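Note that this note's numbering has the sequence shown beginning at 1, numbered continuously upward.
Cβ atoms here follow ideal geometry from the backbone N, Cα and C, with glycine treated the same way.
As the structure is a computational prediction, the values presented were derived from the model and not from experiment.
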Amino acid sequence: MKCPFCTSSLSKVLDKRTVLGRGEIRRRRECLKCGKRYTTYEHLAELKILVIKKDGRREPFIEEKLRLGLLKSLQKRPGLDKVPRLVDRIENRIKERGLSEVSSEKLGEWVLTELKRLDPIAYLRFASVYRSFGDPKDFAREMKALI
Ligand SMILES: [Zn+2]
Numbered sequence: 001m002k003c004p005f006c007t008s009s010l011s012k013v014l015d016k017r018t019v020l021g022r023g024e025i026r027r028r029r030e031c032l033k034c035g036k037r038y039t040t041y042e043h044l045a046e047l048k049i050l051v052i053k054k055d056g057r058r059e060p061f062i063e064e065k066l067r068l069g070l071l072k073s074l075q076k077r078p079g080l081d082k083v084p085r086l087v088d089r090i091e092n093r094i095k096e097r098g099l100s101e102v103s104s105e106k107l108g109e110w111v112l113t114e115l116k117r118l119d120p121i122a123y124l125r126f127a128s129v130y131r132s133f134g135d136p137k138d139f140a141r142e143m144k145a146l147i
């Protein structure tokens, strides 16, 4: 992002990002060098998202990985054809917030929220992997919470 007046790349953001209809983020900026104000547009699709793992490592967000996890959970379930839409919705959650990083925990919770709404069986399947259930009691507890 360079200032159109003096081409300095140092600026501060004046307002919160506004997400426009076509996947653009609009930001008002003030140049720190010449003090002039200008507006920038960034495309959401160009944002690279990193997933922060539990051990603090970061790896790129891979849509395909999310898709496979969802397919597995929805295997032989009526919501199977909704997988592409779920992937979109989860990706949009990240992008709408303008995040460039998301923790794997948060990501998992968003998936669970979507699945809970769609199909309780798929929800339990995903939760059992994601929360690494080691005991039938874990299942019982989740099921109780569902009901
Ligand atoms: Zn400037």
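Host alpha helix (DSSP H) of residue i (start-end)
| i | result |
| --- | --- |
| isoleucine 94 | 83-96 |
| aspartate 138 | 136-146 |
DSSP state of residue i mapped onto helix, strand, coil
| i | result |
| --- | --- |
| arginine 131 | coil |
| leucine 74 | coil |
| threonine 7 | coil |
Residue i - partner residues in DSSP beta bridges
| i | result |
| --- | --- |
| cysteine 34 | According to DSSP, which records beta bridges pairwise, cysteine 34 is partnered with nothing at all. |
| leucine 50 | Pro60 and Glu101 |
| glutamate 42 | Ile25 |
Residue i - containing beta strand (DSSP E), residue span
| i | result |
| --- | --- |
| lysine 2 | Per DSSP, lysine 2 belongs to no beta strand (DSSP E) and is neither H nor E. |
| serine 11 | 11-13 |
Expected contact under 8 Å - CB spacing of residue i and residue j to nearest Å
| i | j | result |
| --- | --- | --- |
| glutamate 30 | leucine 14 | 6 Å |
| alanine 127 | glutamate 142 | 5 Å |
Heavy atom of ligand 3 within 6 Å of residue i beta-carbon
| i | result |
| --- | --- |
| serine 73 | Looking at this structure, you won't find ligand 3 anywhere; what it does contain is ligand 1. |
At a cut of 8 Å, does the stretch 43-63 reach the stretch 100-111 through at least three beta carbon pairs?
With the cut-off at 8 Å, the stretch 43-63 and the stretch 100-111 touch.
Are the stretch 74-89 and the stretch 106-118 touching, with three or more C-beta to C-beta distances below 8 Å?
Verdict: yes, contact present.
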